[in-house]
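Report on the following structure.
Okay, here's the thing in structure tokens:
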């Protein structure tokens with residue numbers, strides 16, 4: 001009992017005797033019921049514990065002085081003397097036990113104490129600094145190499161521009177030589193006039209959004225993900241300024257009908273789906289997926305039908321054909337490449353015209369300036385950004401970013417991004433990267449100032465992420481953050497475009513894919529029989 005009390009008294013006095021400073025700081029690390037105390041001096045250093053412990057634990061072992069009394073009868077004084085030596089021994093034993101604990105404590109502090117850890121990592125920091133200096137040197141070399149590449153690319157570009165200008169001048173001369181004139185002086189004047197340089201081609205995308213052409217409707221459009229349409233649910237959508245509702249019939253196949261009851265024009269999506277028929281909530285009229293009214297409670301059944309669109313389901317997506325021409329025989333495939341797994345399917349309604357959103361998605365050069373809080377945080381700004389593509393194509397890859405991109409008519413953007421870890425890019429092309437992110441953006445034209453966006457994200461790594469609960473909400477949160485960074489800019493563009501500004505006034509080299517989309521769109525709107533970039 002006395003030994004325990006002595007040990008307790010010693011251990012209670014230790015924190016004060018170990019610190020010589022007038023001011024001490026104690027940090028506590030607790031795990032379960034085990035506590036570790038680290039005591040620091042006023043200047044943040046670790047006190048010299050051994051000098052503090054010297055006097056406290058420098059006690060002689062009393063067993064050498066105990067009188068030999070085994071087998072003897074002792075009087076009261078002798079018995080008291082033996083008891084005193086026993087007490088001294090217990091005190092000495094307790095001090096030795098506490099000393100062992102304190103030595104172990106010192107070792108724990110060396111591991112847990114951040115100041116000691118920082119002190120021990122100076123050598124590591126020197127090593128890391130040397131590595132950073134080496135990386136900086138390599139970066140300088142890479143900059144010089146990049147400057148050389150840029151210079152060579154600019155020279156090549158200038159040479160190609162000269163060839164193009166020469167070709168244009170030749171064609172113009174040929175046209176002028178074939179033209180006849182009633183006045184010889186006029187012909188002479190034309191020949192003597194110096195040929196001026198051809199002006200840069202511009203696009204005119206300005207003013208309020210015009211009505212959609214009927215030809216733009218003659219395509220298959222993805223409108224929903226299959227997983228979002230259950231047997232007893234419906235999905236209301238807007239497409240080309242008209243309201244539709246999608247639901248599954250008795251056979252489980254999807255159908256798309258006008259979201260307006262033939263009786264009193266009540267929205268059908270306010271009702272319910274019963275046995276494969278959508279029921280109007282006003283008077284209970286029920287329609288099948290082909291638009292035919294099959295039930296009219298409380299009255300005689302009439303031959304009534306509402307408009308229905310061709311509707312099919314393929315590869316996890318539901319498609320409609322909103323045009324008047326016969327639908328194409330095949331639907332395009334939007335599945336990710338082999339080896340990818342789908343991790344997220346997200347639908348959003350955005351208050352911008354779908355062409356403006358496509359312009360934004362087909363442009364990557366804006367990322368280091370716009371997406372500084374999300375995926376492009378920390379990206380450097382290249383001295384030259386290019387999109388390399390075949391002469392008659394709507395797909396290609398970005399340089400210097402390892403990103404492949406394609407515009408798929410009429411409103412889809414597919415991209416594959418080579419990544420090493422979030423927020424980092426690696427390699428000069430996607431083939432040089434070990435891990436990839438594949439994205440699908442579908443920009444459905446809901447109205448002239450609203451887009452229904454379908455976003456699908458796939459990865460060729462980290463398959464376990466699919467099984468983490470609520471991961472879908474994490475992906476949606478991140479997607480909304482990225483879109484919000486774009487949205488404030490695109491909304492500003494839309495406002496100025498409606499008031500007459502040309503949002504494609506001065507295209508440059510990295511606008512190539514967006515320019516080709518606009519050329520394709522103009523050809524569709526103007527009714528050209530053979531669309532550009534179709535091969």
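Numbering (the UniProt record's numbering), first residue to last: 1 to 535. Just so it is clear, CB atoms sit at the ideal spot from N, CA and C, and this is done for glycine as well.
Report the three-state DSSP secondary structure of residue i (helix, strand or coil).
i: residue 484; result: helix
i: residue 101; result: helix
i: residue 510; result: helix
i: residue 415; result: strand
i: residue 349; result: strand
i: residue 450; result: strand
i: residue 330; result: coil
i: residue 374; result: coil
i: residue 285; result: coil
i: residue 241; result: coil
i: residue 320; result: strand
i: residue 252; result: coil
i: residue 366; result: coil
i: residue 530; result: coil
i: residue 462; result: coil
i: residue 354; result: helix
i: residue 394; result: coil
i: residue 149; result: Reliability fails at residue 149, whose pLDDT of 48 lies under 50, so the model's placement of it is uncertain and the value that follows must be treated cautiously. It is helical.
i: residue 265; result: coil
i: residue 216; result: helix
i: residue 296; result: coil
i: residue 517; result: helix
Have a look at residue i and residue j and give me their C-alpha separation to the nearest angstrom.
i: residue 101; j: residue 94; result: 11 Å
i: residue 416; j: residue 403; result: 6 Å
i: residue 463; j: residue 340; result: 9 Å
i: residue 431; j: residue 511; result: 24 Å
i: residue 281; j: residue 266; result: 8 Å
i: residue 203; j: residue 515; result: 8 Å
i: residue 361; j: residue 413; result: 7 Å
i: residue 296; j: residue 273; result: 15 Å
i: residue 543; j: residue 366; result: Nothing can be reported for residue 543: it is not among the residues displayed for the chain, which extend from 1 to 535.
i: residue 14; j: residue 91; result: Because the pLDDT at residue 14 is just 40, under 50, the model does not fix this residue reliably, and the point stays unresolved.
i: residue 252; j: residue 382; result: 51 Å
i: residue 389; j: residue 395; result: 6 Å
i: residue 411; j: residue 126; result: 54 Å
i: residue 61; j: residue 86; result: 11 Å
i: residue 505; j: residue 497; result: 11 Å
i: residue 380; j: residue 372; result: 11 Å
i: residue 99; j: residue 129; result: 40 Å
i: residue 338; j: residue 363; result: 26 Å
i: residue 474; j: residue 484; result: 15 Å
Using a Cβ-Cβ cutoff of less than 7 Å, which residues in the same chain neighbour residue i once the five nearest sequence positions on both sides are dropped?
i: residue 524; result: 213, 215, 216 and 531
i: residue 226; result: 313, 316, 317 and 318
i: residue 534; result: none
i: residue 493; result: 356 and 503
i: residue 500; result: 206 and 207
i: residue 472; result: 344
i: residue 196; result: For residue 196, the predicted structure reports a pLDDT of 44, less than 50, and the residue's modelled location is therefore unreliable. A value from the coordinates is still provided. Counting only Cβ-Cβ distances below 7 Å, and skipping sequence neighbours, we find nothing.
i: residue 328; result: 220
Using a Cβ-Cβ cutoff of less than 6 Å, which residues in the same chain neighbour residue i once the five nearest sequence positions on both sides are dropped?
i: residue 289; result: 249 and 255
i: residue 461; result: 435
i: residue 440; result: 334, 414 and 456
i: residue 22; result: Only weak support exists for where residue 22 lies, its pLDDT of 41 falling under 50; the value from the coordinates is given anyway. So no residue of the chain qualifies.
Tell me whether the beta-carbon of residue i lies closer than 8 Å to the beta-carbon of residue j.
i: residue 519; j: residue 205; result: no
i: residue 375; j: residue 513; result: no
i: residue 278; j: residue 270; result: no
i: residue 385; j: residue 449; result: no
i: residue 218; j: residue 359; result: no
i: residue 320; j: residue 223; result: yes
i: residue 443; j: residue 459; result: no
i: residue 537; j: residue 322; result: The question about residue 537 has no answer, for the chain in this structure spans 1 to 535.
i: residue 262; j: residue 293; result: yes
From the options, pick the residue whose C-alpha is nearest to that of residue i; which is it?
i: residue 409; options: 368, 387 and 445; result: 445
i: residue 275; options: 300, 247 and 529; result: 247
i: residue 303; options: 285, 311, 310 and 309; result: 285
i: residue 348; options: 478, 371, 76 and 528; result: 478
i: residue 540; options: 398, 369, 470 and 354; result: Coverage of the chain is limited to positions 1 through 535, which leaves residue 540 absent and any answer about it impossible.
i: residue 210; options: 300, 406, 241 and 397; result: 241
i: residue 480; options: 283, 429, 337 and 350; result: 350
i: residue 438; options: 405, 429 and 451; result: 405
i: residue 58; options: 75, 96, 64 and 76; result: 96
i: residue 490; options: 123, 300 and 370; result: 370
i: residue 537; options: 465, 298 and 346; result: There is simply no residue 537 to check, as the chain begins at 1 and stops at 535 in what is shown.
Which residues in the same chain as residue i place their Cβ atom closer than 8 Å to its Cβ, once the five residues preceding and following it in sequence are excluded?
i: residue 193; result: Caution is warranted here: a pLDDT of 39 is assigned to residue 193, below 50, making its placement in the model unreliable, and the coordinate value is therefore given only provisionally. Counting only Cβ-Cβ distances below 8 Å, and skipping sequence neighbours, we find nothing.
i: residue 307; result: 257, 258 and 291
i: residue 189; result: In this prediction, residue 189 scores a pLDDT of 42, lower than 50, which makes its location untrustworthy; no coordinate-derived value is stated.
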